[in-house]
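Residue numbers (my numbering): 4 to 472.
In this text, a Cβ means the ideal position worked out from N, Cα and C, and glycines have one as well.
Quick caveat, the model's predicted, so the values are computed rather than measured.
Some notes on the structure that comes next.
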RNA sequence: GUCCCCUUCGUCUAUCGGUUAGGACGCCAGAUUUUCAUUCUGGAAAGAGGAGUUCGAUUCUCCUAGGGGAUACCA
């Protein structure tokens with residue numbers, strides 16, 4: 004039988020990082036097994052579901068490269084089917100109408116809590132004669148769950164987990180307004196969609212027991228279950244915004260590469276020996292549920308950042324150029340022209356070596372397009388002493404003699420200049436960097452000369468020499 | 001309160017009864033270098049506590065502590 008997994012977010016906010024990891028695991032598991040990965044939008048909470056959130060989920064999935072099979076299922080559109088199952092359960096004597104008011108329920112819970120009993124519904128309408136039903140009051144439909152014995156979950160990650168049935172009360176299937184609850188919808192949808200393997204956060208573990216009772220009552224086959232641990236913040240507490248519980252769009256905006264985020268998320272709770280840098284192909288090849296850990300992992304920005312640097316260094320120059328061009332365009336207030344794009348791509352090799360995010364990569368490229376005369380950073384300015392400027396002036400003369408312009412001849416010229424001035428290369432390279440980039444940090448100086456070209460290079464050197472000489 | 005789960009360097013993790021407890025990030029020191037970064041070398045750094053089982057426990061069992069999750073007419 005082919006494996007079918009699903010990711011089922013509720014569209015009440017962005018696609019947050021924990022959800023993204025759940026989606027990734029489901030996706031990898033399906034791809035590894037040559038199965039299907041489905042997407043279901045759990046939009047039954049009409050008050051909190053928004054179209055913007057649905058878009059954010061689609062966008063986030065696409066950005067992460069998690070493609071789903073078939074059309075997404077919208078749970079709300081299936082509400083009639085859900086209600087039908089609830090009614091069938093009543094007809095079968097496996098569910099019943101309950102007329103307990105909210106106040107009554109609240110009282111019940113308080114009392115149970117005070118007595119040290121689990122705060123659950125006491126089943127007061129379970130066996131009551133329907134003739135007792137009050138009029139003018141819409142009932143909910145509750146599931147008649149077993150009172151005795153235990154429900155055992157056989158979880159691929161958590162192992163065998165046992166719940167005493169008396170801990171689990173008669174859950175509501177259909178609300179008073181006739182809409183289905185999550186418990187009912189999930190069970191029916193997973194069944195109808197042919198989901199064979201449910202991989203989700205372990206905050207659903209207790210739900211799994213109740214759902215298993217329902218599935219059993221319906222006589223449907225049980226799906227395999229895998230409840231993966233949640234991601235925590237750096238202090239071990241629940242992931243909050245401060246910790247990185249942001250939408251994946253926020254990670255994109257912070258300059259993280261999707262491949263880096265994917266690699267990071269994969270290693271959070273899953274491992275393959277000592278492997279750290281794992282390509283998507285390898286991930287699909289290696290992914291399994293056995294190697295998913297059972298304990299919660301803390302989110303660590305430092306490691307994500309390191310991975311991001313690794314992936315940026317490995318990335319194709321044209322790809323990186325396409326990522327930072329929009330950022331530069333926005334700063335400039337106009338699209339980059341073909342020549343600027345060419346310069347950018349040519350400089351990329353030197354730039355990406357020292358970037359840790361797409362944002363810092365964009366920033367580090369700014370000097371390429373700076374208008375003359377350059378505005379120098381304070382510590383760059385300090386390098387341009389009178390002496391240094393005199394040397395730079397003579398270097399400019401020398402550069403003007405060059406017949407051609409490329410990295411090799413530029414390097415030869417600068418080294419020759421250092422020789423004839425009888426100074427170390429650093430003595431001339433540092434002021435030169437300041438003059439060319441306005442900064443003390445940049446790619447290799449010969450690369451800079453090459454990328455900037457003859458006219459800009461000599462112009463910037465003359466500017467600096469004139470202003471400080 | 002009740003139920004369920006978890007616990008190896010600061011962090012992510014390896015180990016599936018016998019290891020100098022390994023790797024990665026971060027940190028520290030050094031090397032390379034025209035800056036920064038990269039790269040390379042080295043270093044500090046861990047089995048929550050207590051019982052048991054065993055010739056031998058990080059590994060198996062139990063207890064305690066700590067952490068997390070669930071306890072909705074939310075999903």
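Reference residue i, options the options, closest by Cα
i: residue 233; options: 242, 5, 368 and 373; result: 242
i: residue 227; options: 190, 253 and 252; result: 190
i: residue 91; options: 297, 317 and 221; result: 221
i: residue 437; options: 125, 58, 465 and 310; result: 465
i: residue 183; options: 146, 362 and 391; result: 146
i: residue 210; options: 164, 180 and 411; result: 164
i: residue 423; options: 397, 329, 385 and 384; result: 397
i: residue 467; options: 161, 442, 409 and 447; result: 442
i: residue 225; options: 201, 337, 370 and 353; result: 201
i: residue 409; options: 420, 375, 450 and 205; result: 450
i: residue 208; options: 177, 171, 236 and 304; result: 171
i: residue 345; options: 63, 66 and 454; result: 454
i: residue 376; options: 440, 393, 115 and 119; result: 440
i: residue 70; options: 338, 332, 33 and 13; result: 33
i: residue 152; options: 381, 24 and 167; result: 167
i: residue 177; options: 38, 299, 84 and 278; result: 84
i: residue 302; options: 260, 313 and 236; result: 236
Residue i, enclosing alpha helix (DSSP H) - first and last residue
i: residue 35; result: 20–35
i: residue 497; result: No answer is possible for residue 497: it lies beyond the span of the chain, which begins at 4 and ends at 472.
i: residue 112; result: 105–117
i: residue 55; result: 54–67
i: residue 194; result: 185–195
i: residue 209; result: 208–221
i: residue 306; result: 304–317
i: residue 455; result: 448–471
i: residue 366; result: 361–368
i: residue 266; result: 261–270
i: residue 355; result: 341–355
i: residue 78; result: Segment: none, residue 78 is in no alpha helix (DSSP H) and carries neither H nor E.
Pairwise C-alpha distance: residue j and residue i
i: residue 366; j: residue 10; result: 37 Å
i: residue 323; j: residue 427; result: 35 Å
i: residue 360; j: residue 433; result: 25 Å
i: residue 150; j: residue 169; result: 5 Å
i: residue 368; j: residue 347; result: 7 Å
i: residue 272; j: residue 355; result: 29 Å
i: residue 351; j: residue 219; result: 59 Å
i: residue 18; j: residue 52; result: 13 Å
i: residue 179; j: residue 82; result: 14 Å
i: residue 414; j: residue 390; result: 21 Å
i: residue 364; j: residue 358; result: 5 Å
i: residue 400; j: residue 430; result: 18 Å
i: residue 7; j: residue 29; result: 9 Å
i: residue 311; j: residue 267; result: 9 Å
i: residue 229; j: residue 159; result: 5 Å
i: residue 282; j: residue 174; result: 44 Å
i: residue 284; j: residue 88; result: 41 Å
i: residue 249; j: residue 124; result: 36 Å
i: residue 238; j: residue 20; result: 17 Å
i: residue 128; j: residue 99; result: 8 Å
i: residue 444; j: residue 15; result: 44 Å
Per-residue DSSP class, three states only, for residue i
i: residue 147; result: coil
i: residue 124; result: coil
i: residue 408; result: coil
i: residue 157; result: strand
i: residue 167; result: strand
i: residue 397; result: helix
i: residue 41; result: strand
i: residue 11; result: coil
i: residue 295; result: strand
i: residue 234; result: strand
i: residue 152; result: coil
i: residue 241; result: strand
i: residue 6; result: coil
i: residue 421; result: helix
i: residue 300; result: strand
i: residue 273; result: strand
Host beta strand (DSSP E) of residue i (start-end)
i: residue 99; result: 98–101
i: residue 229; result: 227–231
i: residue 200; result: 200–204
i: residue 281; result: Premise fails: residue 281 is in no beta strand (DSSP E) and is neither H nor E.
i: residue 175; result: 175–177
Note to self: Three or more C-beta pairs under 8 Å: does that hold for the region 67–80 against the region 97–116?
What the structure shows: Segments in contact, no.
Next item on the list: Please confirm if the region 210–224 is in contact with the region 184–198, defined as three or more CB-CB distances below 8 Å between the two stretches.
Entry: In short, these stretches touch, since the Cβ pair count reaches three.
Note to self: Would you call the region 108–118 in contact with the region 34–49, where contact means no fewer than 3 C-beta pairs closer than 8 Å?
What the structure shows: No contact exists between the region 108–118 and the region 34–49.
Notebook entry, point to check: Three or more beta-carbon pairs under 8 Å between the region 272–281 and the region 294–302, yes or no?
Noted result: By the criterion of at least three beta-carbon pairs nearer than 8 Å, the region 272–281 is in contact with the region 294–302.
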